[in-house]
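Have a look at the structure below, then the notes.
Numbering (this note's numbering), first residue to last: 111 to 616.
Structure (structure tokens):
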């Protein structure tokens, strides 16, 4: 649906929104939920297993978590995220999850419409983001209840749709449907716009404290009105919306705050080696899965080369293995490397991934480079080049080179977000401004409790952009951002009341 048909915001570019959210995956959805006025409170009957945290929560039981001191509540907590608010919110939503417990949340939610902060959530596809594009045959790494968003249990949704969950882990397509339904059932549709592509997010002005002379000589009448309402036009967001006939309708929005919730799956990481652009080299699981489904690799004698040691590469190994396609599996690490993801997964819950890890450890390449019939592991190897005759050259850590004929190659070594709409591709926001933003190696540098970018005021980042790659933890970003904006809104209202009662200047 075109933006121009649903809102006057694109027709009247003089309007400035308090918040524009870029990305409509679970991070953007959860942020919209909280900006819409939903507030979490400690449940009357709840008792948290962490006695110290529970004591702190009891001190301000009458306040929503959004209105409390997040730094105070987060102090001393430990978890699988480097962001303290993410750990806090996770332990409130899933107490004892890291110890294998499935305890109920200690929170209950209230819709307080007076806390609504006007916002738009812009996404390329339907709500759910990249979940709609994931390979549907593989189970999620996380349990279904860890995928759920506040206020709607995943199992309750599955039961209402008469979907039979055979285990705790679910298919990505089920998760995608859940997120799309969530936006509808929570009444968030008015805040979402699909088929939107961002081309530019640029800074228009700085805070008054940042101005050298403290004067704004070029301020327009509209800006004066907006300043009187304490909404500052900080950002200009440009892009286009793709409509049903395939045409592009450009738009321009102005915002006081922008929240980046794009995820990091936009651009697959590359090896940057010779021949990587040949058509037989794939860079995503959906590409490879589609080739397998179409039967392009059926009956091939030559193996498929799979590069990578993460779970996506393991999915590709399973896909090939289950379709009787021989595999050469190449990765740089030792099989005993303690940082391998397989070492963090319980065998009983993730038998298929431990099957892959077992093959990685036991079905190793021989000294004479003879391949096994179904799968051969090449630890501590890397690709030197691909050749036009569908051959590849591998090199071991000792420098020994090996040449193999392939039927296809799949490079699955991570991905980068597409932040081309920001200056310097967004690199300046990272901990290392000379490198691209990545989930693990170089996330966006943020304030630990507000999720505001350290290097750019009124710009927020959450989810994989700040290192929270699991849905369990990205929900903490929504709490941090909402807390920050709520505090600032209160300050503005207080200032407005002071001015109204003082010299009459708003």
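Using N, Cα and C, we set each Cβ at its ideal position, and we do this for glycine too.
Distance between residue 264 and residue 494, taken at the CA atoms: about 45 Å. Rounded to whole angstroms, the separation of the alpha carbons of residue 220 and residue 341 is 27 Å. With a cutoff of 8 Å on beta-carbon distance, residue 584 and residue 136 are scored as near each other.
Closest in C-alpha terms to residue 261, from the list 539, 143, 192 and 127, comes 143.
Ranked by how close their Cα comes to the Cα of residue 383, the residues 348, 158 and 505 have 505 in first place.
For the pair residue 409 and residue 435, the Cα-to-Cα distance works out to about 8 Å. A straight-line Cα-Cα distance of about 26 Å links residue 572 and residue 425. Residue state for residue 400 is assigned as helix, using DSSP reduced to three classes.
About 11 Å separates the beta carbons of residue 361 and residue 346, which is beyond the 8 Å limit, so they are not a contact pair. When the five nearest sequence neighbours on each side are left out, the beta carbons in the same chain lying within less than 6 Å of the beta carbon of residue 469 are those of 485, in order along the chain. Annotation: the continuous beta strand (DSSP E) that includes residue 151 extends over 148-152. Between residue 402 and the set 488, 441, 527 and 517, the nearest pair of CA atoms involves 517.
Across the structure, residue 352 and residue 545 are spaced so that their CA atoms are roughly 32 Å apart. Note that the C-beta distance between residue 415 and residue 440 is below 8 Å. DSSP lists 348 as the bridge partner or partners of residue 362. Sorting 168, 177 and 205 by C-alpha distance to the C-alpha of residue 188 places 205 at the top. Under the three-state reduction of DSSP, residue 497 is assigned to coil, being neither helix nor strand.
For residue 165, there is no enclosing beta strand (DSSP E); the enclosing alpha helix (DSSP H) has its first and last residue at 161-169. Distance between residue 444 and residue 390, taken at the CA atoms: about 27 Å.
Of the candidates 293, 200 and 458, the residue whose Cα lies closest to the Cα of residue 230 is 293. Closest in alpha carbon position to residue 526, among 520, 532 and 552, is 552. At the C-beta level, residue 138 and residue 371 come within 8 Å of one another. Within its own chain, the residues whose Cβ lies closer than 7 Å to the Cβ of residue 240, once the five positions on either side in sequence are excluded, are 135, 373 and 375, listed in chain order. Beyond the five residues adjoining it in sequence on each side, residue 511 comes within less than 8 Å, by CB distance, of 494, 503, 504 and 505 in the same chain, given in chain order. Note that the C-beta distance between residue 548 and residue 524 is below 8 Å. Rounded to whole angstroms, the separation of the alpha carbons of residue 160 and residue 214 is 14 Å. The straight-line gap separating the alpha-carbon atoms of residue 303 and residue 238 is approximately 12 Å. Sequence-distant partners of residue 570 (beyond 5 residues in either direction) whose C-beta falls short of 6 Å from its own C-beta, in its chain, are 369, 561, 562 and 591.
Within the same chain, Cβ atoms closer than 6 Å to the Cβ of residue 378 are found at 393, 394 and 525, the five residues on either side in sequence being excluded. Counting along the chain, residue 472 sits inside the alpha helix (DSSP H) bounded by residues 461-472.
Here the C-alpha atom of residue 490 lies approximately 16 Å from the C-alpha atom of residue 521. Assignment of residue 227 by DSSP, reduced to helix, strand and coil, places it in the coil class. Residue 172 carries a coil assignment under DSSP once its states are collapsed to helix, strand and coil.
Uninterrupted beta strand (DSSP E) stretches at least 3 residues long and entirely within the region 526-590 occur at 569-571, given in chain order. Residue state for residue 515 is assigned as strand, using DSSP reduced to three classes. The criterion of a C-beta distance shorter than 8 Å is not satisfied by residue 496 and residue 580.
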